[in-house]
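One structure below.
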Amino acid sequence: RLDAIDAGELSEEERITADVLRIDYENAITSDDLCLRWFGIDQLNGAQVSFPTFVQNFHPKKTAADWENLIKRYQAFGEQMSHELACLEEGVSQGYNSPRIAVERVLGQLDAMLDGEGDLFADLADAIPETIEEREALAAGLRDAASSVVRPAFEEMRRIVREVVLPKAHENTGLWQNPRGDEIYAFMVKRHLGKAMDPQTVHELGLAELESITKEMDEIAAAAGMSRDEYAAHLASDATNFHSTKEALLAEYEALIR
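In our numbering, the protein residues as written are 390 to 647.
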């Protein structure tokens, strides 16, 4: 459908939007071809991060309809989770997995979510405005969906991660351990840089930058009569490098912005 649009009929902003969409779609197609859906366990991504963040910070919560929609989101979450877990299990069976250190951190997040005090999903009911007439019914519906759908979904996620993913997790880090690892790495380089570059070239560029920066650090430290490590320790212990009040820190940031 995007290809069928005549770019000549689009405004500049619309062309930019179309280009961004094209990049996103192409990346999604390549991601699917490389089976990236089969391994995605890490502490920065995944349902244990995205779902709590979304329902707490981004889902509207002003009207009764907003809260009814949140209940519907809760009720639909079980099916979404089942799809994601099926992908993880399929990935493990095909040799795709994540580093053990990342998997263990995800388990830690799930343990904190499920074994800690309270239930963040059910507790959102306390935020329903008292001005909403259906407040009690909405709160009951939200708590019921949290306990009957959302919590069991995360409990099943913890079970799969612990019993299926963790035993086969990689002891070392690196995409190379997965099937087609070199292809996946090259794709990730392109996705993050916005253009295709040979991963080895990127690596060598990083080494060169590191050498240049380290040399500059050594020169600055030597000018102060110290080694780099000594100078780093000096910076960390010098009270003049730190603000003692929130107001002073805010004032400096405002000055930097100006």
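Even for Gly, the Cβ is constructed at its ideal location relative to N, Cα and C.
Rounded to a whole number of angstroms, what is the C-alpha to C-alpha distance between residue i and residue j?
i, j, result
"Trp456", "Lys450", "6 Å"
"Met615", "Arg494", "38 Å"
"Asp618", "Leu624", "10 Å"
"Ile517", "Gln432", "30 Å"
"Lys604", "Thr590", "21 Å"
"Asp500", "Val438", "13 Å"
"Tyr463", "Asn561", "36 Å"
"Leu513", "Ala526", "14 Å"
"Glu643", "Thr520", "38 Å"
"Leu363", "Gly397", "No information on residue 363 is available, as it lies outside the stretch 390 to 647 that the chain covers here."
"Ala511", "Ala535", "5 Å"
"Ala628", "Ala622", "12 Å"
"Arg331", "Leu509", "Because the chain in this structure spans residues 390 to 647, residue 331 falls outside the shown range and cannot be described."
"Gly484", "Arg548", "19 Å"
"Glu401", "Leu645", "32 Å"
"Arg532", "Leu638", "41 Å"
"Ala475", "Pro541", "16 Å"
"Ile490", "Leu477", "17 Å"
"Phe440", "Asn434", "10 Å"
"Gly570", "Glu598", "26 Å"
"Tyr414", "Gln566", "26 Å"
"Ser633", "Ala640", "12 Å"
"Asp421", "Glu608", "48 Å"
"Gly506", "Ala528", "Looking at the sequence provided, one finds Glu at residue 506 rather than Gly. Cα to Cα, the separation comes out at about 19 Å."
"Glu636", "Asn458", "40 Å"
"Ala454", "Ser626", "54 Å"
"Gly563", "Glu600", "23 Å"
"Ile412", "Glu552", "37 Å"
"Gln445", "Phe631", "33 Å"
"Met586", "Thr442", "33 Å"
From which residue to which residue does the alpha helix (DSSP H) around residue i run?
i, result
"Gly467", "453–482"
"Tyr642", "635–646"
"Ile573", "570–582"
"Ile602", "588–612"
"Leu527", "524–534"
"Asp618", "617–626"
"Val409", "401–422"
"Arg548", "540–549"
"Phe510", "509–512"
If contacts are defined as beta-carbon pairs under 8 Å, then residue i and residue j qualify, I think. What distance do you get, rounded to the angstrom?
i, j, result
"Ser487", "His559", "7 Å"
"Leu503", "Phe543", "6 Å"
"Leu391", "Ala417", "In fact, because the Cβ distance is near 12 Å, the residues do not count as touching under 8 Å."
"Thr419", "Phe576", "6 Å"
"Glu545", "Met470", "7 Å"
"Ala436", "Glu403", "Rounded, the Cβ-Cβ distance is 34 Å, inconsistent with contact."
"Pro588", "Val578", "5 Å"
With the cut-off set at 7 Å, would you say residue i and residue j are in Cβ contact?
i, j, result
"Ile460", "Gly530", "yes"
"Phe466", "Val538", "yes"
"Leu555", "Val492", "yes"
"Trp427", "Glu479", "yes"
"Leu596", "Val550", "no"
"Ile573", "Leu399", "no"
"Ala612", "Tyr620", "no"
Which residues does DSSP pair with residue i in a beta bridge?
i, result
"Asn446", "Looking at the DSSP assignment, Asn446 forms no beta bridge with any residue, so it has no partner."
"Asn434", "Asp431"
"Pro488", "His559"
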